[in-house]
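> Residue numbers (my numbering): 106 to 867.
My structure is below; once you've seen it, I'll send some questions.
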């Protein structure tokens, strides 16, 4: 008989564990919290032998617990604070499981905590009498998400250790489900600034531009919307409040933090965590933060112990910092920039040093390491394409220049005595030989920032006076730009779409170094990159990557040249081949041959215009008949600085200015476009403002000259005609020259003639 009882006990235990496992698995597999509650509440009650179940969730807005699901229809919703006034509130506050034999027994309650009380008002309202209680906190990691409460053991017994362990396991799984549900809900919510779009305060495109600008310049989107797009701060905060379902705080320069908070809290810590207590009413403190649903920030507020309850309001980071500074009387101008602080350290170190050899400063010094890092960070944040480090000897400061929008600007000067240490640090970061200073070296830096990792191509060059310059190219963004966002005219865009969509032939993109040729070809590849096409690219270096391409880095030093890569590609079943540059006759010959054998070939060349490219290739002994048969199109391009949208100023050009422009465009061609001078004609000129650093220009756009391989152009190629004949024929076929495309963009208000003439020969 004893054996039978033991066997039954083992069988019951196995069934209990199996049922628990099934419940856990169903929670993991459920689509949403509602599905969990509806489908599993009966099974949980049966498993644990309870009469009623209530699942509470945390309301992050005011830190109350509300009944997400409960048994019985007596009450619509139960809400309790996280405090000692209720068993559920205590469970959430202490994050420990509560098991009671009798909820009305004050001694049993005090055994858990001296201040713990049982709120019997819910029993009076519902008519249900609570006896036994089993409450387990629903946690995700260290964050409280809710409470699972079971009431009254069936048959009048008490909840067992096994019941408690099972409830804790179910609560743990519910914590994961709650967190996932919150994450999914957030992903499905509308854009933070959707209210601004709906109200017509900003367009979707301008919002996208604002987001990109903020990321590139390491600024808050809210700050960009207020300062750059002139949207009222109140409207931005209304949008954020609507998104977070919270109130909002606007700092008007007069609000002050209550004295009791100022005495207790450190301002530097508040600025670091971006949390600011505003006021206290009753037992609730209002707190401003960037994200009122951030669990980590809510935990920080709770640990401050400012009040039993708190209400989180959304605020923009700049307002939070200004509010804290004003409350504590901190002048923001007292805070030095990182670079100024580093340079101050360097100057202090060398104030009394004359002999460079006696310095004892090397690349391992902390200030030098931070200086090198800060130079790269600032260059990236300012949108620079290149960093130039230029030493001028032992007595002159070393100059740092950034190339921004194609133009070099002086960024900073560092003490001459530290030039060798800075150069050595940058060479170490590039994995170069710091002892070799007599010959050029090439390397790369992979630099990790908060926003991601960037890559720099580094070149060292020995200069006069036994000095060594360093030039670092910040490699382009890893994603291609859509062709329609690259400044193409309507004719050029449609014609370029057509030529790159052909199944075979050759398409060339030409222009000087840094004119965006590779970026344009990658954008073209992005347009035709489909699962049906096999695309190989050979580049030096691989700067832009995109899924679907098979990309190869060439290494000329070991014989793996562009020509060798192309020969390999032809054995690798390609549909499209992109080769970084046709540097020699062999590469050009293989490219033409590949285009004639059923492949689309894209490449670049360093020539000044599209018609000149043809004569350049013919001078490289490319067969004119094969080249004519393969040519689809040649795109010549330049990058031109655009006028700053924030400060450009309209004016009416004089007749003399218009006539000069017409002469450059071609008077007949301009007249054919029905463009004539009038006193009301409007052009734009640069002014200068803080947004463009006083230059009047901000950003760049492309100028394009697209020669399409028409039958007439191909006939001229076969005849080895001169450049002028080919140019005239291409123009009659619809081609606009680089100068003409630039003048069109001047008339559209995007740039001015000074910039057009700076990049176009004629």
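All residues carry an ideal CB built from backbone N, CA and C; glycine is no exception.
If you follow the beta strand (DSSP E) that residue 782 is in, where does it begin and where does it stop?
Counting along the chain, residue 782 falls outside any beta strand (DSSP E), and DSSP gives it neither H nor E.
> I'd like to check one pair, residue 682 with residue 697: are the Cβ atoms closer than 8 Å?
Against a cut-off of 8 Å, the Cβ pair of residue 682 and residue 697 comes out as no contact.
> With distances taken Cα to Cα, identify the nearest neighbour of residue 792 among 427, 751 and 711.
It is 751 whose Cα lies nearest to the Cα of residue 792.
> Let me confirm a value: residue 329 is counted as buried when at least 16 other C-beta atoms fall within 10 Å, else exposed. Which label applies?
Looking at its Cβ environment, which holds 16 or more other Cβ atoms inside 10 Å, residue 329 is buried.
> Using the three-state DSSP reduction, which class does residue 537 fall into: helix, strand or coil?
Looking at residue 537 - three-state DSSP - the assignment turns out to be coil, as it is neither helix nor strand.
> Distance check for residue 635 and residue 653, CA to CA, integer angstroms please.
Straight-line Cα distance between these residues: approximately 7 Å.
> Check residue 630 in the structure and name its three-state DSSP category.
Note: residue 630 maps to helix in three-state DSSP.
> Take residue 468 and list the residues in its own chain whose beta-carbon comes closer than 7 Å to its own, dropping the five residues that flank it on each side.
Annotation note: pLDDT 40 at residue 468 (below 50); position unreliable, coordinate value reported separately. So the list reads 526, 529, 530 and 533, once near-sequence residues are dropped.
> Which runs of the alpha helix (DSSP H) fall wholly inside the stretch 693-733 and span at least 4 residues, in chain order?
For the stretch 693-733, whole alpha helix (DSSP H) runs of length 4 or above, ordered along the chain, are 715-724.
> Could you pull out every unbroken beta strand (DSSP E) segment of at least 3 residues lying fully inside the stretch 742-789, listed in chain order?
With a minimum length of 3 residues, the continuous beta strand (DSSP E) runs that stay inside the stretch 742-789 are 754-756.
> What are the boundary residues of the beta strand (DSSP E) that residue 823 is part of?
No beta strand (DSSP E) holds residue 823; the alpha helix (DSSP H) holding it covers 816-823.
> Could you check what DSSP says for residue 503 in three-state terms: helix, strand or coil?
Looking at residue 503 - three-state DSSP - the assignment turns out to be strand.
> Are the stretch 812-831 and the stretch 768-787 touching by the rule of at least three beta carbon pairs closer than 8 Å?
Short answer: they don't touch.
> Tell me which same chain residues have a C-beta within less than 7 Å of the C-beta of residue 188, skipping the five on either side of it?
Counting only Cβ-Cβ distances below 7 Å, and skipping sequence neighbours, we find 194, 198 and 413.
> Quick one: what does DSSP say residue 812 is sitting in, helix, strand or coil?
In the structure shown, residue 812 sits in a strand (DSSP, three-state: E or B).
> Check whether the Cβ atoms of residue 817 and residue 834 sit closer than 8 Å, and answer yes or no.
In contact: residue 817 and residue 834 (Cβ atoms closer than 8 Å).
> Taking only three categories from DSSP, how would you classify residue 257?
Correct three-state label for residue 257: strand.
> Per the contact definition of three or more C-beta pairs closer than 8 Å, is the stretch 342-356 in contact with the stretch 758-773?
Cβ pair count under 8 Å is below three, so no.
> Thinking C-beta only, is residue 381 closer than 8 Å to residue 429?
Yes, the Cβ-Cβ distance between residue 429 and residue 381 is below 8 Å.
> Residues in its own chain within less than 7 Å of residue 718 by CB, not counting five upstream and five downstream?
Taken in chain order, the residues that qualify are 613, 615, 710, 712 and 739.
> Could you check if residue 263 is buried or exposed, using at least 16 other CB atoms within 10 Å of its CB as the buried criterion?
Exposed is the call here.
> Could you pull out every unbroken beta strand (DSSP E) segment of at least 3 residues lying fully inside the stretch 633-661, listed in chain order?
Complete beta strand (DSSP E) runs here, min 3: 640-644 and 654-658.
> Residue range of the alpha helix (DSSP H) that residue 671 falls in?
667-674 is the extent of the alpha helix (DSSP H) around residue 671.
> Do residue 208 and residue 240 have their CB atoms nearer than 8 Å?
Not closer than 8 Å, so no.
> Going straight from the alpha carbon of residue 814 to that of residue 592, what length do you get?
Between residue 814 and residue 592, the C-alpha separation is close to 22 Å.
> Quick check on residue 409: does DSSP put it in helix, strand or coil?
Residue 409 falls in the helix class under three-state DSSP.
> Using only the alpha-carbon positions, how far apart do residue 802 and residue 333 sit?
Rounded to the nearest angstrom, the two C-alpha atoms are 15 Å apart.
> Would a C-beta distance cut-off of 8 Å place residue 224 and residue 214 closer than the cut-off?
No; because the gap between Cβ atoms is not below 8 Å, this pair is not in contact.
> May I ask which residues mark the beginning and end of the alpha helix (DSSP H) holding residue 325?
Segment: none, residue 325 is in no alpha helix (DSSP H) and carries neither H nor E.
> In whole angstroms, what is the alpha-carbon distance linking residue 150 and residue 318?
Near 55 Å, if we compare the C-alpha coordinates of residue 318 and residue 150.
> Classify residue 661 as buried or exposed, calling it buried when 16 or more other Cβ atoms lie within 10 Å of its own Cβ.
So residue 661 ends up on the exposed side.
> Within its chain, find whatever has a CB closer than 8 Å to the CB of residue 580; leave out the 5 residues flanking it on each side and keep chain order.
Closer than 8 Å at the Cβ level, and outside the excluded window around residue 580, lie 559, 560, 561, 562, 646 and 648.
> Just curious, the beta strand (DSSP E) that residue 417 is in, first and last residue?
Where residue 417 is concerned, the enclosing beta strand (DSSP E) stretches over 414-419.
> Rounded to a whole number of angstroms, what is the C-alpha to C-alpha distance between residue 864 and residue 619?
Near 12 Å, if we compare the C-alpha coordinates of residue 619 and residue 864.
> For residue 186, which residues from the same chain have a beta carbon less than 8 Å from its beta carbon, with the 5 sequence-adjacent residues on both sides left out?
For residue 186, where only same-chain residues beyond five positions count, the Cβ hits under 8 Å are 168, 169, 170, 194, 413 and 414.
> With a CB to CB cut of under 6 Å and the five nearest residues on each side skipped, what residues in its chain are close to residue 789?
Excluding residues within five positions, the ones whose Cβ falls inside 6 Å are 748, 753, 755 and 854.
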